[in-house]
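In this note's numbering, the protein residues as written are 8 to 194.
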């Protein structure tokens with residue numbers, strides 16, 4: 008039996024860690040929980056900066072992730088700041104943010120950044136899932152999952168079978184790109 012290649016994933020979010028382990032099954036995911044600065048900017052620039060900080064702290068290859076929830080009616084907000092919105096207004100508040108808008112469409116975005124080490128190129132992997140914002144349904148144990156219903160499905164992320172969610176989600180799509188990159192570099 009072949010030994011799984013180790014990938015250092017920098018996160019303090021146990022829900023994200025669980026999903027990454029469920030999706031990247033062919034790798035041994037080593038969790039590194041270090042405090043990284045919270046940046047402002049585009050999801051891609053935030054992931055890139057976090058990755059460079061993580062590489063400097065770990066002194067080796069790392070994978071980092073930044074997630075956004077983007078409301079089309081609000082020009083993409085809350086975007087990468089959804090974590091702070093969710094802390095302030097909770098899941099019910101997320102849906103109320105669109106109360107005055109007919110357009111409830113949104114997309115979930117996950118940007119992973121991978122770097123082999125200091126001075127090396129940062130590789131960016133962007134996964135998106137279109138959907139809409141709905142009243143919270145399903146278990147309320149993972150962020151805004153109860154409020155996001157992917158296009159083509161009647162269930163929110165929270166209500167979905169986790170295998171299906173991991174196949175269609177923003178994180179699952181981004182991790183497919185990560186897997187392809189790892190195959191290319193023989194990781």
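Glycine is no exception: its CB is placed at the ideal position from the N, C-alpha and C atoms.
Three-state class that DSSP yields for residue i in the structure shown
{"i": "residue 76", "result": "strand"}
{"i": "residue 133", "result": "strand"}
{"i": "residue 68", "result": "coil"}
{"i": "residue 157", "result": "strand"}
{"i": "residue 48", "result": "coil"}
{"i": "residue 14", "result": "strand"}
Endpoints, the alpha helix (DSSP H) within which residue i is located
{"i": "residue 149", "result": "Neither: residue 149 is in no alpha helix (DSSP H) and is coded neither H nor E."}
{"i": "residue 165", "result": "Neither: residue 165 is in no alpha helix (DSSP H) and is coded neither H nor E."}
{"i": "residue 185", "result": "177 to 191"}
{"i": "residue 84", "result": "No alpha helix (DSSP H) contains residue 84, which DSSP labels as neither H nor E."}
{"i": "residue 5", "result": "Given a span of 8 to 194 for the chain in the structure shown, any question on residue 5 remains unanswerable."}
Exposure label - residue i; buried when at least 16 CB within 10 Å
{"i": "residue 127", "result": "exposed"}
{"i": "residue 53", "result": "buried"}
{"i": "residue 91", "result": "exposed"}
{"i": "residue 152", "result": "buried"}
{"i": "residue 193", "result": "exposed"}
{"i": "residue 6", "result": "The structure shown does not extend to residue 6, since the chain is modelled only from 8 through 194, so no value can be given for it."}
{"i": "residue 164", "result": "buried"}
{"i": "residue 170", "result": "exposed"}
{"i": "residue 12", "result": "exposed"}
{"i": "residue 114", "result": "buried"}
Element boundaries [beta strand (DSSP E), containing residue i]
{"i": "residue 38", "result": "34 to 39"}
Proximity of residue i and residue j at Cβ, strictly below 8 Å
{"i": "residue 50", "j": "residue 86", "result": "yes"}
{"i": "residue 121", "j": "residue 70", "result": "yes"}
{"i": "residue 138", "j": "residue 93", "result": "no"}
{"i": "residue 143", "j": "residue 99", "result": "yes"}
{"i": "residue 116", "j": "residue 177", "result": "yes"}
{"i": "residue 132", "j": "residue 104", "result": "no"}
{"i": "residue 89", "j": "residue 75", "result": "yes"}
{"i": "residue 62", "j": "residue 36", "result": "no"}
{"i": "residue 30", "j": "residue 179", "result": "yes"}
{"i": "residue 155", "j": "residue 175", "result": "no"}
{"i": "residue 124", "j": "residue 68", "result": "yes"}
{"i": "residue 24", "j": "residue 34", "result": "no"}
Inset, instruction - Kindly provide the ranges of any beta strand (DSSP E) runs that are 3 or more residues long and lie completely inside the segment 87 to 138, ordered along the chain. - result: Complete beta strand (DSSP E) runs here, min 3: 112 to 122.
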